[in-house]
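These notes are about the structure you will find just below.
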Amino acid sequence: MAMRTSRSPIRVLVIGGGIGGLCLAHGLRQAGVDVEVYERDESADGRRQGYRLRISPQGEAGLRACLPDRLEELLSATANVRDDSGLVAYDENLVEQWAPSFEDPRAGLPDKIDAVDRVTLRRILLTGLDGAVRFGKNFQRLEQRPDGRVTAYFEDGTEATGDVLVAADGTNSRVRAQLRPEDSPQDLGIRTIFSRIPRAEAIAAGLPEALQDRFSYVIGTDGHHLGLMPMLFRERPRQAAARLFPQADLVDSDDYYMSVFNVHQEDLGLSDEEFFALGGEELCALVVERTKGWHPDLREIFAFAQPETTFAVPLRATRPVRPWEAGPVVPLGDAVHAMPPSGGVGANTAIRDAQLLGGLLAAVDRGERELGEATAQYQRAMVEYATEGVEMSLRIAQWSIKKANG
Ligand SMILES: Cc1cc2nc3c(=O)[nH]c(=O)nc-3n(C[C@H](O)[C@H](O)[C@H](O)COP(=O)(O)OP(=O)(O)OC[C@H]3O[C@@H](n4cnc5c(N)ncnc54)[C@H](O)[C@@H]3O)c2cc1C
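Counting from 1, position 317 in the sequence shown corresponds to residue 317 in full-length UniProt numbering; the numbering is continuous, with no gaps.
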């Protein structure tokens, strides 16, 4: 197959307008590269993927590198205000067990971005791309053409052709299903229930001070785990947008906790079909029922969980992370390295991919690099750091995996 070596500008098709795909699009736009993002959702609202996202120093550097200055400022203005460099682990009687703290060079910095609200992040990432994002484009399949280019076909009968196609379509990637079906992520046997708990209500109802502003983790002797992560906005999203970027379509949110409840599939007493059919009310009831022997202060928090924001996901991981064929189809983010949220690095790794791949594609666009060699360099580096991310996330989740695997 012909490989591109010319000095003319390239056209990049990005399948998937999630965190990684949109970061890449911003980086490429800033470098003057022709890029289009094809997203299956009909609008910016997206799907259920949790609420609060931890941003590592590496992820913060990647976001700052990809985003134009005004969006970077807007993201920082709406980021989490508290320091996020430690957690406190309790048993189910609320007896403190362990309080590790992590080195975070950003601690105390007034503009740090160490956690963000996912909806706010996605809306910021969708700002300023001026028509480069096509919603309602559900990727179906691709064809690699004899001239080295790639054509993507969408369910609405349309198609698009580019020099590079980036598979940024997440854990259930259809691009991967077509080209690398053997690389599907493995089910880790853990089911996680995510919820959003308004902070003001929980505090007014007597949430103990120790749990109010810290990342708290409860390790029950019954094998169930509950995490409580506060999201305290530095500034309300709409107010920050009005001040910094009025065209940004941000929606307001009050401070909240994201709660995460882990349960082994084998302990559920329900098949996956039954479990994933449960609605928000039923999932909240399941958590309340499973924690009925826990300290009352812990159980009462759940009275404020919003059923409409409660959903369940299976934990999955890609093992091993492997490079795809060198060529014009390049994977990015969860499509190539899914990992459990336990490590808080999945999005950060997708952002790192976007930063690295964006820089290399910009060099190809300027005629300084050959496409196949640039994408191979990206994949070599990506496989190495993504493997570390997957393994680290699995180590943190090890308690569950050991149990699930007997
Ligand atoms: C509940 C939860 C909490 C998490 N918390 C953290 C955290 O704190 N920190 C962290 O770093 N990571 C976290 N993660 C992981 C993080 O969300 C992912 O790693 C990250 O979103 C991956 O980005 P991505 O761009 O690869 O995929 P996604 O963000 O999933 O984006 C994929 C996009 O592709 C689109 N798409 C899918 N199929 C098609 C198709 N056929 N055609 C067109 N478009 C398509 C989807 O609609 C979506 O918009 C968490 C994950 C979950 C589920």
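In this text, a Cβ means the ideal position worked out from N, Cα and C, and glycines have one as well.
These numbers come from a predicted model, not from an experiment.
Assignment of beta-bridge partners to residue 261 by DSSP yields 193 and 226. Note on geometry: alpha-carbon atoms of residue 200 and residue 304 lie some 10 angstroms from one another. Pairwise C-beta distances place the segment 32-45 in contact with the segment 354-367, as three or more of them are shorter than 8 angstroms. Non-local C-beta neighbours of residue 30 in its own chain, meaning closer than 7 angstroms and more than five positions away in sequence, comprise 68, ordered along the chain.
Beta-bridge partners of residue 96 (DSSP): 90. Using a C-beta cut-off of 8 angstroms, the segment 137-157 makes contact with the segment 173-181, since at least three inter-stretch Cβ pairs fall below that distance. As a beta-bridge residue in DSSP terms, residue 162 pairs with 150. Rounded to whole angstroms, residue 12 and residue 378 show a C-alpha spacing of 15 angstroms.
If you check the CB distance, residue 125 and residue 219 do not come in under 8 angstroms.
Residue 231 carries a strand assignment under DSSP once its states are collapsed to helix, strand and coil. Per DSSP, residue 331 lies in no alpha helix (DSSP H); the unbroken beta strand (DSSP E) holding it starts and ends at 329-331.
Residue 254 is positioned such that its CB atom lies no closer than 8 angstroms to that of residue 135.
With a cutoff of 8 angstroms on beta-carbon distance, residue 283 and residue 188 are scored as not near each other. Secondary structure note for residue 217: its beta strand (DSSP E) is the uninterrupted segment 215-219. For residue 391, the enclosing alpha helix (DSSP H) has its first and last residue at 371-396.
Within the chosen limit of 7 angstroms, ligand 1 does not reach the beta carbon of residue 321 with any heavy atom. The beta-bridge partner set that DSSP reports for residue 313 consists of 192. A contact is defined here as three or more CB-CB pairs under 8 angstroms, and the segment 97-104 fails this definition with respect to the segment 231-250. It is roughly 21 angstroms from the alpha-carbon of residue 252 to the alpha-carbon of residue 204. Excluding residues up to 5 positions away in sequence, 106, 112, 113 and 114 lie with their Cβ nearer than 8 angstroms to the Cβ of residue 60 in the same chain. From the listed residues 334, 87 and 341, the smallest Cα separation to residue 98 is found for 87.
In the three-state reduction of the DSSP assignment, residue 334 falls in the helix class, which pools H, G and I. With a cutoff of 8 angstroms on beta-carbon distance, residue 333 and residue 54 are scored as not near each other. In the DSSP secondary-structure assignment, residue 72 is not bridged to any residue.
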